[in-house]
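Visitor:
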Amino acid sequence: MLNKKVRKLINTYPLPDDAEEQLDHIIEQTDNVYERLLLGRAHEALFIQRHQ
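Heads up: the sequence shown begins at 5 in this note's numbering, then just goes up one per residue.
Rendered as structure tokens:
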């Protein structure tokens, strides 16, 4: 479920102005350490996509 939200957010063009905040909120929703790690990688991808 959370992965679907993240994929949808990252694939949105153009990125919403608050994309980082949305992703932070999604990351806060998980209590699984492994999922937090994966979502952190998505945060990095979002940063790279924003600054290309």
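The C-beta atom is built at its ideal place from N, Cα and C for all residues, glycine as well.
#1: Does the Cβ of LEU41 have 16 or more other Cβ atoms within 10 Å, making it buried, or fewer, making it exposed?
#2: Between GLU48 and ILE31, what straight-line distance do the alpha-carbon atoms span, to the nearest angstrom?
#3: Please work out which residues of its chain come closer than 8 angstroms, Cβ to Cβ, to PHE51, disregarding the five sequence neighbours upstream and downstream, and give them in chain order.
#4: Under 8 angstroms between the Cβ atoms of LEU13 and THR34?
#5: Here's the rule: buried if 16 or more other CB atoms are within 10 angstroms of the residue's CB, otherwise exposed. What is VAL10?
Guide: Reading from the atomic positions:
#1: exposed
#2: Rounded to whole angstroms, GLU48 to ILE31 spans 13 angstroms at the Cα level.
#3: GLU24
#4: no
#5: buried
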